[in-house]
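*Asks:* One line per chain: the protein sequences are A and B, in this order. Heads up: the first sequence begins at 83 in my numbering, then just goes up one per residue. Heads up: the second sequence begins at 21 in my numbering, then just goes up one per residue. By construction, the Cβ of each residue, glycine as well, lies at the ideal position given by its N, Cα and C atoms. Because the structure is a prediction, the values reported are computed rather than measured. After the structure tokens below, expect a handful of questions from me.
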Amino acid sequence: MKKKINTAEEFDFLSAQKNSQLRDVTRRLFKNKAAIAGLIFLVLLILTAIFASVIFDYEAQCINQNISQRLQWPSVEHIFGTDEYGRDLLVRIVFGSRVSLSIGFIAVAFGLALGGMLGAVAGFFGGKIDNLIMRICDVFLAVPMMLMAIVIVAALGSSIVNLIIALSISSVPTFARIVRSAVLTVRDVDYVEAARSIGVKTPRILFRYILPNSMGPIIVQTTLRIAATISNTAALSFLGLGIKAPQPEWGALLSSGREFIRDYSYLACIPGICIMLTILALNLLGDGLRDALDPRLK
Amino acid sequence: MAKYVLKRVLYMIPVLLGVTLLVFIIMHLAPGNVAQMLLGDNATAEQVANLQHTMGLDRPLPIQYLNYMKDLLHGSLGTSYTSGESVNDKIMACFPYTLKLTLVAAVFSIVLALPLGILAAMKQNTWVDNVSMVLSLIGVSMPIFWLAVMLILLFSLKLGWFPVYGATKWNSIVLPAISLGLMNMASIARTTRSSMVETIRQDYIRTAYAKGLSKGTIIMRHAFRNGMLPTITVIGLEIGQMLGGSVLTETVFAWPGVGRLMIQAINGRDTPTVMGCIILMTLCFSLVNLLVDLLYGVFDPRVRTMYQ
């Protein structure tokens, strides 16, 4: 009575299922005009950041001072105007985007890796390990995120590496919580039970069965978290705890533009608009992803 | 319910102890010698060693922490490194300003956000919904400090309606409160909308319509109370955000609150004051979260009966 399993057919069926789910999500995402606008903006921004040194010369245009050109309002020659040392603001913003974006992405990647691991372990094993990890997370979450980042940077000193450490530590507990709850919801479903009963090893269950099925909330949170981290990087630089001159960073540009707010307001306006548009784009994409991954909400 | 409240309050104690330990460790990771810094470069090694001894900085870190905790349990946050004043006095001089700013900003954001969110949910997918959601998305995306600078540019420098900085005039609080509250207003409005959208699709709302209740009654008595729960959570979280954001707002507007004090203390390497500020803000944040949990009980009878 044993039915022979046709493995080829079985495999095709599985991959077809997977593809159609991915296709469904993509289709729903592409229907959302705002999310796609955000995505296009981000792609353009990232491309500009990557190819910045092809378009402009870092030393000559971004760092070297050119006093004869100082404080010029936006014009055809300098689309975003020039700063108090005669440097083109557009060039500084383009190079600044490198710093802001890479800190945002790297810090969230670290936070996600560490937090995700802790959350997955806590959720999967439960019991004492779970309790210990989550209580430590509670302590971190009890301090408002911005304050935590400020204290860490203040203690370690301001440099790009320390900034990344501070910002990734402050996003670890959030990711730990999300991954933990995602793992908890799929931990006891039948296919995991089935995998365990045929003797699949624990790490494999975690990475092959549980994590792929709890990706939705993690992807959404990652997008939103990158937005928050870019904003916090700018905030720390604005407070003088982040990137130092002459290296350009959006928050630092805004902060130095503040001195000239009365007569040269573009110096503070334009970097702020850049931060806002980037965060807006990430938020639009994050919202779009959430709706696409969980169609019940719309 | 009393048992639940007690449990929640007791749970705050280990968390707050953990926070003091965490912040203490982080602050003492800071490189450099505090005594040397206070005395300046001309001080002799002997002077530095003496000062370190009187400040207790030559003892092992665990002993320093226990001493700090002993003082803390007696209600003292220590003495400022830079001014020699008691940290309690310094913070208490600033705290009323931060409290006032946060409260005004919270009231401003809640009062505007709730009607906006409910209206958007009622008129789902119309222009009212779209416009208010686009506006609140922009609000969420705006960096607090940039908004603050722009508000100063427009309303103080160009129009001259409000003072540029300080807390001396009656209308000084308007701009700081708007810049602190706007972002929270936007995210409260978004949460309210999405939870109301979900609530008004429930069967009991349809039942209420079928019974012939008026729309106002249904929204206020049936939908709002149930849709409020996620909003309350977000309001709690946002108040925590505001305590962090107040650092930025207070710095831009030179508002004499705890956030600005903390930044000044960080720049002066005044560890006891920094720790005091963090502990106070964390305590406030924990209390707000406690209040949120208790409000859950008030709004949701299921939570109430769970702990009876």
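1. Taking 6 angstroms as the limit between beta carbons, can you name the residues of its chain near L97 of chain B, skipping five residues before and five after?
2. By how many angstroms is the C-alpha of L281 of chain B removed from the C-alpha of L105 of chain B?
3. Residues in its own chain within less than 8 angstroms of R245 of chain B by CB, not counting five upstream and five downstream?
4. To the nearest angstrom, how far is it from the Cα of H242 of chain B to the Cα of L136 of chain B?
5. Just to confirm my understanding: we take T234 of chain A, look at its own chain, exclude 5 residues before and 5 after, and list those with CB closer than 7 angstroms. What are they?
6. Looking at the C-beta of L111 of chain A, does it have a partner C-beta in chain B at a distance below 8 angstroms?
7. So, with DSSP's three-state summary, where would you put R372 of chain A?
8. Which residues mark the beginning and the end of the alpha helix (DSSP H) in which Y88 of chain B is found?
9. Provide the residue span of the alpha helix (DSSP H) that contains S338 of chain A, from first to last.
10. If the cut is a Cβ gap below 7 angstroms, which residues of chain A does P373 of chain B touch?
11. Run down chain A in chain order and give the residues with a C-beta less than 7 angstroms from the C-beta of T271 of chain B.
12. With burial defined as no fewer than 16 other Cβ atoms inside 10 Å of the residue's Cβ, what is the status of S135 of chain A: buried or exposed?
13. Going by the beta-carbon positions, is the gap between A350 of chain A and I361 of chain A smaller than 8 angstroms?
14. Could you tell me the distance, in whole angstroms, from the CA atom of E258 of chain B to the CA atom of L202 of chain B?
15. Chain A beta carbons: is any one of them nearer than 8 angstroms to that of G260 of chain B?
16. For A50 of chain B and chain A, any beta-carbon pair shorter than 8 angstroms?
17. Anyone know if the C-beta pair for L58 of chain B and L71 of chain B falls short of 8 angstroms?
18. Tell me which residues share the same chain as L379 of chain A and place their Cβ nearer than 8 angstroms to its Cβ, disregarding the 5 neighbours each side in the sequence.
19. Does any residue of chain A have a CB that is nearer than 8 angstroms to the CB of S199 of chain B?
20. Pull up the DSSP beta-bridge partners for T99 of chain B, would you.
21. Nearest CA to the CA of G317 of chain B: which residue from B:L155, B:I83, B:K231, B:M248?
22. List the residues of chain B whose Cβ lies closer than 9 angstroms to the Cβ of V221 of chain A, in chain order.
23. To the nearest angstrom, how far is it from the Cα of V225 of chain A to the Cα of T146 of chain B?
24. Counting along the chain, where does the alpha helix (DSSP H) carrying D223 of chain B start and finish?
25. Evaluate contact between the stretch 258–269 of chain A and the stretch 286–299 of chain A, counting only Cβ atoms and requiring at least three cross-stretch pairs below 8 angstroms.
26. Quick check on the burial criterion: 16 or more other C-beta atoms within 10 angstroms. Buried or exposed for F133 of chain A?
27. Anything in chain A within Cβ reach of M240 of chain B, meaning under 7 angstroms, just list it in chain order.
28. Using a C-beta cutoff of 8 angstroms, does R344 of chain A count as contacting chain B?
29. Measure from the C-beta of V225 of chain A to each C-beta in chain B and report whether the shortest distance is under 8 angstroms.
30. For a test of the three-state rule: what should DSSP assign to D61 of chain B, helix, strand or coil?
31. Can you check whether the C-beta of S240 of chain A is within less than 8 angstroms of a C-beta belonging to chain B?
32. Taking only beta carbons into account, state which residues of the stretch 169–185 of chain B come closer than 8 angstroms to chain A, listed in chain order.
33. Alpha carbons only, please: which of A:I218, A:E331, A:D212 is nearest the one belonging to V181 of chain A?
34. Tell me the rounded alpha-carbon separation between Q261 of chain B and L36 of chain B.
35. With 16 as the cutoff for other CB atoms within 10 Å, does A287 of chain B come out buried or exposed?
36. So, does the stretch 162–170 of chain B touch the stretch 265–280 of chain B, judging by three or more C-beta pairs under 8 angstroms?
*Replies:* From the atom records:
1. Hits under 6 angstroms: V107, N108, G296.
2. Contrary to the premise, residue 105 of chain B reads as Glu rather than Leu in this sequence. Cα to Cα, E105 of chain B sits roughly 13 angstroms from L281 of chain B.
3. Within the same chain, R245 of chain B has close Cβ partners F319.
4. The straight-line gap from Cα to Cα measures roughly 18 angstroms.
5. In the sequence as presented, Thr is not what sits at residue 234 of chain A; that position holds Ile. Same-chain partners within the cutoff: I247, A248, I251.
6. Answer no: the Cβ-Cβ gap between L111 of chain A and chain B never drops below 8 angstroms.
7. Reduced to three states, the DSSP call for R372 of chain A is helix.
8. First-last of the alpha helix (DSSP H) with Y88 of chain B: 81–93.
9. Counting along the chain, S338 of chain A sits inside the alpha helix (DSSP H) bounded by residues 332–339.
10. Absent from the structure is residue 373 of chain B, since the part of chain B shown begins at 21 and ends at 328.
11. In chain order: L321.
12. Exposed, because fewer than 16 other Cβ atoms sit within 10 Å of the Cβ of S135 of chain A.
13. No. Outside cutoff.
14. Straight through space, the alpha carbons of L202 of chain B and E258 of chain B are spaced by roughly 11 angstroms.
15. Chain A, which has a Cβ nearer than 8 angstroms to the Cβ of G260 of chain B, makes this yes.
16. For A50 of chain B, the nearest CB of chain A lies under 8 angstroms from its own CB, placing it at the interface with that chain.
17. Yes, these two residues count as a Cβ contact at 8 angstroms.
18. With a pLDDT of only 49 at L379 of chain A, under 50, the local geometry of the prediction cannot be trusted, and the value read off the model is given with reservation. Answer for L379 of chain A: R372, D373, listed in chain order.
19. No, its Cβ sits nowhere closer than 8 angstroms to a Cβ of chain A.
20. BP columns for T99 of chain B point to B:S106.
21. The residue with the shortest Cα to Cα distance from G317 of chain B is B:M248.
22. Within chain B, the residues near V221 of chain A are P34, V35, L36, L37, G38, V39, L41, L42.
23. The straight-line gap separating the alpha-carbon atoms of V225 of chain A and T146 of chain B is approximately 40 angstroms.
24. 223–230 is the extent of the alpha helix (DSSP H) around D223 of chain B.
25. A contact exists between the stretch 258–269 of chain A and the stretch 286–299 of chain A.
26. Under a 10 Å Cβ-count criterion, F133 of chain A is classified as exposed, with fewer than 16 other Cβ atoms of the shown protein chains found around its own Cβ.
27. What M240 of chain B touches in chain A: nothing, since even the nearest Cβ is about 24 angstroms away.
28. Chain B has a Cβ within less than 8 angstroms of the Cβ of R344 of chain A.
29. For V225 of chain A, the answer is yes, since a Cβ of chain B falls inside 8 angstroms of its Cβ.
30. When secondary structure is reduced to three states using DSSP, D61 of chain B falls in the coil class, being assigned neither helix nor strand.
31. Chain B places no beta carbon closer than 8 angstroms to that of S240 of chain A, leaving this residue out of the contacts.
32. Residues V169, M170, I172, L173, L177.
33. Residue A:E331 is the option with its Cα nearest to V181 of chain A.
34. Between Q261 of chain B and L36 of chain B, the C-alpha separation is close to 18 angstroms.
35. The sequence as given places Asn at residue 287 of chain B; Ala does not occur at that position. By the neighbour-count rule (16 or more Cβ atoms within 10 Å), N287 of chain B is not buried but exposed.
36. Short answer: they touch.
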